[in-house]
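> Heads up: the sequence shown runs through residues -22 to -1, 1 to 412, numbered per mature numbering (1 follows the signal peptide of the UniProt record, and there is no 0). Note that beta-carbon positions come from the ideal geometry of N, C-alpha and C, so glycine has one too. Structure in structure tokens, see below.
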Amino acid sequence: MIRKLQYFFALLLLVGVVQVNAAEEDSADREKIIGEGSISSDVFGSRGGYAHPFLTVSKFYSDNIYNTDDNTESDYISTISPGIWLALPRVKEELLDFETSSVASGGLDLDLDTGKDFKRYQIYFYYSPEFYMYSDNSDEDLTKQRAEGMLQYNLRGGLTLEFVDQYIKSMDVRGTGISTEQDKFSTNFFMFRASYDIGPKLEFMADFSNFNVNYDASQNDYRDREDDSWSAYVWYELGASTSIFAQYQNVDVSYDLNSYYDSSMDRFYGGLSWDMTAKSSGTVKVGSSSKDYDNSLLSDVDDVIVELQLDYIFSSKTDFELRAFRQNSESNIAGVNSILRSLFNAKVTYKPIDRITCILDLEYVEDDYDGALNYGGFLKERKDSSYLLSPSVEYRFKEWLTAKAAYYYIERDSNFSDFDYSTNTFLISLTAAL
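Put into structure tokens, the structure is as follows:
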């Protein structure tokens, strides 16, 4: 099923490209969204397009590269990350900004908002490899990759079709679960979404997604799985900038080898979405989830679930972002059923002058494991609390050249003391982008 959808996505993408030259666009409006330093519209012909190549070179220092409580190891790490993103029609910012998670049932902790600020169509593609080189621990060298694409198409009559695909080649954060190894994996997330304006105040939306997780090492085969998810939403507009909605989601989790933990999850939400002024926008939703295991030996899990996404602009120099969720996720420890994960992330961005951007990032994550863990002479359910503090400063020398300096402090407290750790990381980087 997923292969057929992906082939259909490729076919529709080709059709969209063919129709680009025939689409009637207001060129004056389109010129307004071109950023300074952009490549000439001749890159994709007279009707536009936007190619954005970039290169980032970074240097890290970490005092605890394995994220362990004792016998810590420090090292310097260099990274080189070339990349390119393409958009048609042209835009001045990357269009996709979302992260998948290898433990999230269905792949996403937060709802994916692809936006609707496009006219007839929007095509987008991004690719970037990232090469990591350790100074003293060269056996840890690795390459990460990220590739993603999107097609949005507005049909006459109020119907909008969207396709998103993202491929990630990466590794778990060191210290994930009970491992301190380089647990490398690849994931692929595919989504098809359709929305329809039923009337002036009513909108219906449905989506289907497929999420594949595959780990490289055989000791992690128990984590390989495929998730199929579908959702249905009904939106009702209360005013010009505020809507209420109801959502139902089903996630079917199927493990490749570890079928003992196959499950079906039902989620029900009620929520509020707003875009009241140029200063405030966001979504909040609250609901319940029921995780039913195929194996009758496992107890079903019912939880209250929450999701919050808030953006607020205090002034022309300061803005604020808040992200939070509470969700039931898949386990990253063999023999443990699942994780109830709660996350709170706040970010403040301040621009004292046009060339300087200061960012403060704060995050708290709580993981409650369902199922007793036998480790270090103890048998109990594991509970972790993790903290992140990260101030950073960016300086723009030119429209195409930006430097960054950042500090990251990460601490984890666990009821198993062997899993406690704290890590300090310092970063400097230079990005050139056309």
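Quick one, are the C-beta atoms of Asp53 and Asp114 less than 9 Å apart?
The answer is yes: Cβ separation under 9 Å.
> Name, in chain order, the residues that DSSP records as bridge partners for Arg390.
Arg390 is bridged to Ser364 and Tyr399.
> Just verifying my parser: in three-state terms, what is the DSSP assignment at Ser237?
Note: Ser237 maps to helix in three-state DSSP.
> Could you pull out every residue in the same chain whose Cβ sits closer than 6 Å to the Cβ of Ser64, ignoring the five residues on either side in sequence?
The sequence as given places Leu at residue 64; Ser does not occur at that position. Counting only Cβ-Cβ distances below 6 Å, and skipping sequence neighbours, we find Ala29 and Phe103.
> Taking contact to mean 3 or more Cβ pairs, one atom from each stretch, closer than 8 Å, check whether the stretch 274 to 281 and the stretch 256 to 265 are in contact.
They do not touch, by the three-pair rule.
> My guess is that Arg171 and Asp185 are in contact by the Cβ rule of under 8 Å, so how many angstroms apart are they, rounded?
Right, the Cβ-Cβ distance comes to about 4 Å (below 8 Å), so this counts as a contact.
> From which residue to which residue does the beta strand (DSSP E) around Asp281 run?
It spans Val279 to Ile291 - the beta strand (DSSP E) in which Asp281 sits, taken as one unbroken run.
> Can you list, in chain order, the residues of its chain whose CB lies under 6 Å from that of Asn236, leaving out five sequence neighbours each side?
Cβ within range, chain order: Tyr200.
> Looking at Tyr342 and Leu321, is the spacing between their C-beta atoms short of 9 Å?
Going by C-beta atoms, Leu321 is nearer than 9 Å to Tyr342.
> Apply the 10 Å Cβ neighbour rule to residue 430 and answer buried if 16 or more other Cβ atoms are within range, or exposed otherwise.
Past the edges of the chain, shown from -22 to 412, lies residue 430, and the structure says nothing about it.
> Helix, strand or coil: how does DSSP classify Tyr28 here?
In the structure shown, Tyr28 sits in a strand (DSSP, three-state: E or B).
> Could you tell me the distance, in whole angstroms, from the CA atom of Val151 to the CA atom of Thr158?
Looking at the two C-alpha atoms, the distance is approximately 9 Å.
> Can you give, in chain order, each stretch of the beta strand (DSSP E) that sits fully within the stretch 164 to 247 and has at least 3 residues?
List check, beta strand (DSSP E) in window: 180 to 193, 203 to 215 and 220 to 233.
> Are any of the Cβ atoms in chain B nearer than 9 Å to that of Tyr239?
Included in the structure is just one protein chain, with no chain B present.
> Taking C-alpha atoms, which residue in Val264, Gln130 and Ile331 lies nearest to Leu66?
If we check each option's Cα against that of Leu66, Gln130 comes out closest.
> Out of curiosity, what's the CA-to-CA distance linking Met128 and Thr92?
When rounded, the distance between both Cα atoms is 9 Å.
> Ordered along the chain, which non-local residues of its own chain (more than five positions away) have a Cβ less than 8 Å from that of Met149?
Answer for Met149: Leu120, Lys122, Gln160, Asp161, Lys162 and Phe163, listed in chain order.
> Beta-carbon within less than 7 Å of Asn192's beta-carbon, same chain only, minus the 5 sequence neighbours each way: which residues are those?
Closer than 7 Å at Cβ, skipping near neighbours: Phe163, Ser164 and Asp202.
> Using C-beta distances below 6 Å, list every residue in its chain close to Val264, excluding the 5 sequence neighbours before and after it, in chain order.
Only Val284 meet the Cβ criterion.
> Roughly how many whole angstroms lie between the Cα atoms of Val371 and Ser294?
Going from the Cα of Val371 to the Cα of Ser294 covers about 18 Å.
> By Cβ distance, which residues of its chain are closer than 8 Å to Trp208, with the 5 residues on each side in sequence left out?
Only Ala184, Asp185, Phe186, Ser187, Gln227 and Asn228 meet the Cβ criterion.
> Tell me whether the beta-carbon of Ser173 lies closer than 9 Å to the beta-carbon of Leu137.
It is a contact, given that the beta carbons lie within the stated cut-off.
> What does a CB cutoff of less than 7 Å around Asp7 pick up in its chain, not counting 5 residues either side in sequence?
Because the pLDDT of Asp7 is 40, which lies under 50, any placement of that residue in the model is unreliable, and the number read from its coordinates should be weighed accordingly. If we look at Asp7 and ignore the five residues flanking it on each side, it has no Cβ neighbours.
> Mind listing, in chain order, the continuous beta strand (DSSP E) runs of no fewer than 3 residues lying wholly within the stretch 49 to 97?
Runs of the beta strand (DSSP E) inside the stretch 49 to 97: 53 to 66.
> Hey, quick one: how far does the beta strand (DSSP E) through Asn115 stretch, first residue to last?
No beta strand (DSSP E) holds Asn115; DSSP gives it neither H nor E.
> Smallest Cα separation from Tyr239: which of Leu250, Tyr271 and Ser219?
Ranking the options by Cα distance to Tyr239, first place goes to Tyr271.
> What are the boundary residues of the beta strand (DSSP E) that residue 413 is part of?
The chain is shown from -22 up to 412; residue 413 falls before or after that span and cannot be answered.
> Would you mind working out which of Asp48, Tyr39, Val69 and Lys70 sits nearest Ile55, comparing C-alpha positions?
Closest option to Ile55, Cα to Cα, is Tyr39.
> State the DSSP-derived secondary structure class of Gly136, mapped to helix, strand or coil.
Three-state DSSP puts Gly136 in coil, outside helix and strand.
> How is Ala312 classed by DSSP in three states: helix, strand or coil?
DSSP places Ala312 in coil when its eight states are reduced to three.
> Distance, Cα to Cα, Leu338 vs Thr380?
Each residue's alpha carbon lies about 18 Å from the other.
> Is Gly155 helix, strand or coil by DSSP?
It is coil, neither helix nor strand.
> Enumerate in chain order the residues of its own chain whose CB-to-CB distance from Leu139 is below 6 Å, with the five nearest sequence positions on each side excluded.
Tyr131 and Ala172.
> Ends of the beta strand (DSSP E) at Leu275?
Segment: none, Leu275 is in no beta strand (DSSP E) and carries neither H nor E.
> Sort out for me which residues DSSP pairs Thr409 with in a bridge.
Answer is Thr34 and Thr380.
> Since Gly260 and Asp297 should fall inside the 8 Å C-beta cutoff, what is the C-beta to C-beta distance between them, to a whole number of angstroms?
Going by Cβ atoms, the distance from Gly260 to Asp297 rounds to 13 Å, so no, they are not a contact pair.
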